[in-house]
Amino acid sequence: MGDSMERSGRSRGFSRWLLLITAIAFCNVANAQRLHRFVIAINPQLTQIDVRACFDGQPPERLVAESLDAAIALIGAWDEATGKSITPRGYIPLKSVPDSGCITYKADVSRPIKLHDRTGGKIRRVGKDLAAAVGLWFWRPEQLADDEDVLLVFNLPDGYAVSVPWAPVDGTSKPTFRLGHTPYDWPAWAAFGRFTVKTIDVRGSQLRLAVLDGSPPVDVEQIAGWVAGSANAVADMYGRFPFPQAQVMVVPNSRMREPTPWAFVVRGGSPAVHFVINQRRPIEEFYSDWTAMHEFSHLFLPFVDSDDAWLSEGIATYYQNVLGARGGRLSVEDAWSHLHAGFGRGEADAKGLTLAQATHGMHRGGHYMRVYWSGAAMMLLADLRLRRMSGGLQSLDTALDALNQCCGQPDKAWTAAELFAKLDEITQSSVFADLLNEHTDSRQFPDLTMAYRELGLIPLGGDIDLASDAPLAHVRDAIMSGNSSQFTSASTR
Ligand SMILES: [Zn+2]
Numbered sequence: 154m155g156d157s158m159e160r161s162g163r164s165r166g167f168s169r170w171l172l173l174i175t176a177i178a179f180c181n182v183a184n185a186q187r188l189h190r191f192v193i194a195i196n197p198q199l200t201q202i203d204v205r206a207c208f209d210g211q212p213p214e215r216l217v218a219e220s221l222d223a224a225i226a227l228i229g230a231w232d233e234a235t236g237k238s239i240t241p242r243g244y245i246p247l248k249s250v251p252d253s254g255c256i257t258y259k260a261d262v263s264r265p266i267k268l269h270d271r272t273g274g275k276i277r278r279v280g281k282d283l284a285a286a287v288g289l290w291f292w293r294p295e296q297l298a299d300d301e302d303v304l305l306v307f308n309l310p311d312g313y314a315v316s317v318p319w320a321p322v323d324g325t326s327k328p329t330f331r332l333g334h335t336p337y338d339w340p341a342w343a344a345f346g347r348f349t350v351k352t353i354d355v356r357g358s359q360l361r362l363a364v365l366d367g368s369p370p371v372d373v374e375q376i377a378g379w380v381a382g383s384a385n386a387v388a389d390m391y392g393r394f395p396f397p398q399a400q401v402m403v404v405p406n407s408r409m410r411e412p413t414p415w416a417f418v419v420r421g422g423s424p425a426v427h428f429v430i431n432q433r434r435p436i437e438e439f440y441s442d443w444t445a446m447h448e449f450s451h452l453f454l455p456f457v458d459s460d461d462a463w464l465s466e467g468i469a470t471y472y473q474n475v476l477g478a479r480g481g482r483l484s485v486e487d488a489w490s491h492l493h494a495g496f497g498r499g500e501a502d503a504k505g506l507t508l509a510q511a512t513h514g515m516h517r518g519g520h521y522m523r524v525y526w527s528g529a530a531m532m533l534l535a536d537l538r539l540r541r542m543s544g545g546l547q548s549l550d551t552a553l554d555a556l557n558q559c560c561g562q563p564d565k566a567w568t569a570a571e572l573f574a575k576l577d578e579i580t581q582s583s584v585f586a587d588l589l590n591e592h593t594d595s596r597q598f599p600d601l602t603m604a605y606r607e608l609g610l611i612p613l614g615g616d617i618d619l620a621s622d623a624p625l626a627h628v629r630d631a632i633m634s635g636n637s638s639q640f641t642s643a644s645t646r
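Here it is as structure tokens:
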């Protein structure tokens with residue numbers, strides 16, 4: 154499901170601020186890093202968050218929050234030097250705060266607020282724990298210079314833990330994180346409560362898993378095994394997990410039917426994968442479900458603008474099946490059959506609309522099938538063309554590997570055109586630009602007739618039969634095995 158921006162759409166004139174930041178960046182080139190320090194406390198009832206924000210040198214002009222509803226949750230803000238209350242104006246102005254001064258602010262997280270944002274309760278009680286959208290309670294500098302960061306120190310009641318997406322700072326007595334440089338309006342979630350944050354090592358990357366309270370309680374070991382298995386399947390593609398660390402949050406809801414009825418990726422702070430699970434379902438159902446593989450596959454790409462959701466969803470939808478076969482959770486025939494069935498659903502959806510139009514109206518019009526599966530079809534075509542063009546030296550796997558190495562920074566958003574231009578540069582081809590030109594403004598679902606013929610994919614009822622004598626049968630098999638097709642020819646199979 155979604156790799157979501159959920160932008161609040163608010164616009165602030167921050168060009169003046171940008172100018173100031175640029176000036177500071179230039180003045181401070183030779184200086185040590187500026188590190189503001191925010192100490193964040195929550196009460197044992199998990200109803201109120203108090204933040205003490207101390208600035209390193211000159212404070213920013215103001216603090217902002219991602220959600221427009223944050224102004225309603227804000228109880229108040231005070232200048233520590235004078236004790237005077239600061240009047241918020243949709244932001245917390247800091248003009249009166251002296252250099253290296255401190256302020257405190259308090260936010261009410263006891264209830265969901267849905268005045269502006271109607272996309273769902275952004276403050277949720279999960280059993281005895283609390284999940285709260287960061288944008289509702291966290292006021293922060295609008296932008297940070299390259300040499301500027303915020304240290305976030307959590308002051309929690311005894312026996313409580315916190316789950317956040319930010320990069321952890323090791324060797325501290327309290328949970329401590331670096332805010333980093335993702336834009337302030339990228340959504341993120343925090344959880345507070347009596348859960349344990351379990352660190353899962355995935356080839357040297359750290360997944361910080363928080364499983365929130367549920368009734369019946371979740372078998373955390375089992376769920377951790379399932380998360381680790383899916384993350385490792387993704388890491389197997391190019392030998393490492395795409396990011397050095399990620400937050401993984403699991404919210405139990407036993408009233409839902411499926412094992413994983415809802416899941417999404419958000420990028421605020423750093424990539425984070427969220428799952429709502431039905432903990433009553435047997436663990437085998439989790440392993441045969443595609444959701445975790447889909448969500449972790451989103452991380453093959455940096456953040457892609459939601460106007461181009463066909464790209465991020467296409468990658469995730471393609472690889473959820475390909476990686477399923479490579480990891481042995483799906484037979485090769487079943488993986489192709491799933492792809493084929495999906496292409497059929499995509500072709501039947503949003504007829505008469507271009508892919509760009511279907512993507513733009515995806516949520517409103519429910520055009521998910523067309524968007525997800527058009528993207529997946531384009532990824533199959535990209536994979537096929539790269540492998541054919543290079544005699545198996547290149548593939549979508551190798552292109553994404555190189556993309557992650559050059560451009561995997563977690564704080565930059567890309568359009569599909571930008572990302573495809575980079576992938577063409579990496580592969581020294583026009584494979585991606587061609588696909589963009591052929592399909593985004595087309596009212597037709599990508600035509601796979603020739604690809605099926607070359608790969609030897611023969612539709613038979615709802616399934617796919619694999620022809621052994623197809624010209625590119627070795628490419629077909631290389632896609633699902635994850636091995637290079639370079640040294641395999643049709644005659645040796
Ligand atoms: Zn998705």
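Under this note's numbering, read the sequence shown as residues 154 to 646, first letter to last. Positions of the beta carbon are idealized from the N, C-alpha and C atoms, including for glycine. Keep in mind the model is a prediction, meaning the values are calculated, not measured.
Is residue i near ligand 1, with its Cβ less than 8 angstroms from a heavy atom?
{"i": "ASP209", "result": "no"}
{"i": "VAL418", "result": "yes"}
{"i": "SER465", "result": "yes"}
{"i": "THR512", "result": "no"}
{"i": "HIS451", "result": "yes"}
{"i": "THR470", "result": "yes"}
{"i": "ASP156", "result": "yes"}
{"i": "GLU411", "result": "no"}
{"i": "HIS427", "result": "no"}
{"i": "GLU448", "result": "yes"}
Going by the DSSP bridge assignment, what does residue i pair with across the sheet?
{"i": "ASN474", "result": "According to DSSP, ASN474 bridges with nothing at all."}
{"i": "THR698", "result": "The requested residue 698 is not part of the displayed model; the chain covers only 154 to 646."}
{"i": "PRO612", "result": "ILE617"}
{"i": "ILE430", "result": "PRO405"}
{"i": "SER358", "result": "VAL355"}
{"i": "GLU301", "result": "ARG187"}
{"i": "VAL628", "result": "According to DSSP, VAL628 bridges with nothing at all."}
{"i": "TYR258", "result": "VAL204 and ALA230"}
{"i": "ARG293", "result": "VAL217"}
{"i": "LEU283", "result": "ARG278 and PHE345"}
{"i": "ASP156", "result": "VAL418"}
{"i": "GLN398", "result": "GLN359"}
{"i": "ILE195", "result": "ILE202"}
{"i": "TRP489", "result": "Bridge partners of TRP489: none, in fact."}
My understanding is that residue i touches residue j, with C-beta atoms under 8 angstroms, so please give their C-beta distance in whole angstroms.
{"i": "ASP458", "j": "THR568", "result": "5 angstroms"}
{"i": "ALA388", "j": "PHE396", "result": "Between PHE396 and ALA388 the Cβ distance is about 10 angstroms, and since that is not below 8 angstroms, they are no contact."}
{"i": "THR413", "j": "ASP442", "result": "5 angstroms"}
{"i": "SER490", "j": "ASP616", "result": "5 angstroms"}
{"i": "ALA530", "j": "PRO612", "result": "Contact flag wrong, Cβ pair sits at about 14 angstroms."}
{"i": "LEU539", "j": "SER548", "result": "5 angstroms"}
{"i": "HIS592", "j": "LEU508", "result": "6 angstroms"}
{"i": "LEU188", "j": "ASP302", "result": "6 angstroms"}
{"i": "GLN398", "j": "ALA320", "result": "6 angstroms"}
{"i": "GLY274", "j": "ALA341", "result": "GLY274 to ALA341, Cβ: 16 angstroms. No contact."}
{"i": "GLY288", "j": "SER220", "result": "4 angstroms"}
{"i": "SER316", "j": "ARG361", "result": "7 angstroms"}
{"i": "ILE353", "j": "ALA314", "result": "About 15 angstroms; that fails the 8 angstroms criterion."}
Please confirm whether any heavy atom of ligand 3 lies closer than 8 angstroms to the CB of residue i.
{"i": "ALA511", "result": "Only ligand 1 can be found as ligands here, which leaves ligand 3 out of the picture."}
- prompt: How do the region 272-286 and the region 235-248 stand: do at least 3 beta-carbon pairs fall below 8 angstroms, yes or no?
  reply: no
- prompt: Is the region 190-197 in contact with the region 224-239, if contact means three or more CB pairs nearer than 8 angstroms?
  reply: no
field: Inter-stretch contact at 8 angstroms, needing at least 3 Cβ pairs: the region 494-508 / the region 524-538
entry: yes
- prompt: Pairing CB atoms from the region 560-575 with CB atoms from the region 456-472, are three or more of them under 8 angstroms?
  reply: yes
message: Whether or not the region 582-589 and the region 507-517 are in contact is what I'm after, with contact meaning three or more pairs of Cβ atoms, one per stretch, closer than 8 angstroms; do they touch?
response: no
query: Are at least three pairs of beta-carbons, each pair with one atom in the region 200-215 and one in the region 242-260, less than 8 angstroms apart?
result: yes
task: Pair every Cβ in the region 465-485 with every Cβ in the region 570-581, then say whether three or more of these pairs are closer than 8 angstroms.
output: no
- request: Inspect the CB distances between the region 374-387 and the region 287-304 and report whether three or more fall short of 8 angstroms.
  value: no
query: Can you find at least 3 beta carbon pairs, one from the region 198-214 and one from the region 252-260, that sit closer than 8 angstroms?
result: yes
- prompt: Does the region 367-375 come within contact of the region 442-452, defined as at least 3 CB pairs closer than 8 angstroms?
  reply: no
message: Contact between the region 302-313 and the region 325-333 is defined here as three or more beta-carbon pairs at a separation below 8 angstroms; is this criterion met?
response: yes
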